[in-house]
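Below is one structure, written out as structure tokens; the observations come after it.
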Amino acid sequence: MKSVAKTTLTAAIVIAAVTAFGTQAQAKSYAKVSKISSSLKVSANYVNFTGKNALYSKAGTLKGAKLVKSTHQLKTLAASTNSLDSFMVLRSATTNRHSMYLKVRSLDGKTTGWIYNGKTTQTQFGQIVYKDKAHTQPAGGVTAFETRTSSPLTAEEKASYYQLATPGSATDGTGLIYNAPVNTASPAWGTTVVEQPDKTTSQPYANDTFIATYAMTRTREGDRWLRVQDLNNAKVSGYIKASALTKLPSAKAKTGVTVNFVDYGTKQLVGTTIVPFGTGITQMNLLTTFNYQAIPAGTVSDYAKDADGSVPTNGFLDRTAASNATPGSTLIYQVGADSE
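FYI, the numbering for the sequence shown is -27 to -1, 1 to 313, going by mature numbering (1 follows the signal peptide of the UniProt record, and there is no 0).
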């Protein structure tokens, strides 16, 4: 009996040792990357954080992965009101355990890491993996994001004329005019540029007349930006904060340019606007951009023709006069019914 008991005890110890060894071996088993995309320096694919997964130096289950940002820190970034705290996708990877990860970097370039995105068996839409087919429940630590969104111009913005409220060298959207709302793309991308001949200050355009042609809102800051066109300098065209513009008062016919909108078919007057001039300004070019402004609702501007009756052009009947409009002048702008 003693021999049997001793043998049983020995066997139990051996089994326990084997089990313990197996557990340790399993604990040291790390995932491996089975598929990885090419790496980008910058991208226009943006994500925000769900706060369910942390950010690591490598895919979280790979050997040597170190914590870059905790879930708490990522939640703070997700709620940031600074566009530079937005993240762009640079690379994707899949492990041999069917887990998908994204390499992301902040727009200010200060934070880079890998974050869990979901399983290969789940639904993917764009860069993001979802738990559901309706794409409403992100499976991992990221969700789709846009740094800016477009929005239609208001009726007032369409019909108004503006001047710069604070012309100067400010780079926050109140001075210089850019090709996109500031900080909504990575500075490393090199696509946010000053859209005016003088790259250092907008002071030379302080007395110019501007119109708004488009509007966008920065997602994080929530501020509205208008794409403006300088009617006195065609090379000045881009985005500036709506709050950095001053609406000009209504002008009188003798101090502005009167534009009469005439129906191309009936030859009847259907609307009028007077374009104001800024102090010291004596000429403006209305040819290429004025068709955004004050055109009566339900009409379009592509009914004018050249003098010989051919080639539909911009709505101004006299394009030469429109390209060099002066205070006190009157122009005819032909319109037709909008068929859409």
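Virtual Cβ for every residue (Gly too), placed ideally from N, Cα, C.
Item	Value
Same chain, Cβ closer than 8 Å to residue 194, neighbours up to 5 away in sequence not counted	54, 55 and 56
For residue 224, three-class secondary structure by DSSP	coil
CA-to-CA distance, residue 189 to residue -2, given in whole angstroms	Unreliable positioning characterises residue -2 in this predicted model, as indicated by a pLDDT of 49, which lies under 50. A coordinate reading is not provided.
Unbroken beta strand (DSSP E) run spanning residue 65, endpoints	60 to 68
Status (buried if at least 16 other CB within 10 Å, exposed otherwise) for residue -4	Annotation note: pLDDT 46 at residue -4 (below 50); position unreliable, no value reported.
Spatially closest choice to residue 12 from 69, 86, 29 and 49, by CA coordinates	86
Segment contact, 8 Å Cβ cut-off, at least three pairs: the stretch 240 to 248 with the stretch 209 to 216	no
Own chain residues within Cβ distance below 6 Å of residue 232, not counting five before or after	246, 304 and 306
Residue burial classification, residue 329 (beta-carbon count within 10 angstroms, cutoff 16)	Any question about residue 329 goes unanswered here, given that the chain covers just -27 to 313.
Chain-order list of residues whose beta-carbon lies under 7 Å from that of residue 316 (same chain, five-residue window excluded)	Look at the range of the chain in this structure, -27 to 313, and you will see that residue 316 is not part of it.
Nearest neighbour of residue 177, chosen from 115, 220, 142 and 27 [CA to CA]	142
Cβ neighbours of residue 335 in the same chain (closer than 8 Å, five flanking residues each side left out)	Outside the modelled stretch of the chain, which goes from -27 to 313, sits residue 335, for which no answer is possible.
Simplified DSSP state of residue 292, which is helix, strand or coil	helix
Run of the beta strand (DSSP E) containing residue 190, from where it starts to where it stops	183 to 191
Buried versus exposed call for residue 198 [16 or more other C-beta atoms within 10 Å across all chains shown]	buried
Distance between residue 207 and residue 230 (C-alpha atoms, nearest Å)	17 Å
N- and C-terminal bounds of the beta strand (DSSP E) containing residue 246	242 to 248
Sequence-distant residues of the same chain with beta carbon closer than 7 Å to residue 7, five excluded per side	67, 68 and 69
Within 9 Å, strictly: CB atoms of residue 114 and residue 25	yes
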